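Beneath this line is the structure, given in structure tokens, with notes to follow.
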Amino acid sequence: MSYTPKILIVDDEPRLCSSLKALLSHQGYEAHTSTGGKQAMESLAENGFDLVLLDIVMPDVDGYQVMDYIDRRSLETPVIFITGHASVDSAVSALRGGACDYLRKPLDHEELLKTVANAVDQKRGNSEQS
Numbered sequence: 013m014s015y016t017p018k019i020l021i022v023d024d025e026p027r028l029c030s031s032l033k034a035l036l037s038h039q040g041y042e043a044h045t046s047t048g049g050k051q052a053m054e055s056l057a058e059n060g061f062d063l064v065l066l067d068i069v070m071p072d073v074d075g076y077q078v079m080d081y082i083d084r085r086s087l088e089t090p091v092i093f094i095t096g097h098a099s100v101d102s103a104v105s106a107l108r109g110g111a112c113d114y115l116r117k118p119l120d121h122e123e124l125l126k127t128v129a130n131a132v133d134q135k136r137g138n139s140e141q142s
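Position in the sequence shown counted from 1, then plus 12, gives you my numbering.
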């Protein structure tokens, strides 16, 4: 029996959430969406995820606060930040904050899929070593 990785997509743009969910589902992932940081934290509390694709700028709770929530709960869930407000400073902040990667919008689907696959494989490898 094969395992299907669960991915949480968090972005305040519902259209982007839907398109990423379709893309990842087509690749064999179990994709879930949240359109805000508060909703994402509720989903994280209720479900275990193998990866979170996380927007930085959201109106209710920003991506850095969600990342802090993940860290405080020791969820050991890798995070890939996605943002339209890309800068060197925001990339450095995201990576220093514990993100495993950082992607700029508009997202290149091939780059996204490679980054997701690498993060899922790395998490699976770390879980098997534990």
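Each residue gets a CB set at the ideal place from its N, CA and C atoms; glycine is no exception.
Here the structure is a predicted model, which is why all the values come from computation and not from measurement.
For TYR76, no beta strand (DSSP E) encloses it; the enclosing alpha helix (DSSP H) starts and ends at 75–84.
Between ASP23 and the set ASP83, GLY137 and SER31, the nearest pair of CA atoms involves SER31. By the neighbour-count criterion, in which a residue is buried when 16 or more other Cβ atoms sit within 10 angstroms of its Cβ, LEU28 is buried. Contact between the stretch 53–68 and the stretch 92–103 is present, with at least three C-beta pairs closer than 8 angstroms. With a cutoff of 7 angstroms on beta-carbon distance, ILE19 and ALA52 are scored as not near each other. In the DSSP assignment, ALA111 falls outside any beta strand (DSSP E), carrying neither H nor E.
Burial state of PRO71 is exposed, judged by a 10 Å Cβ sphere holding fewer than 16 other Cβ atoms.
It is roughly 12 angstroms from the alpha-carbon of LYS33 to the alpha-carbon of THR47.
Looking at GLY40, SER99 and ASP62, the one whose alpha-carbon comes closest to that of GLY137 is ASP62.
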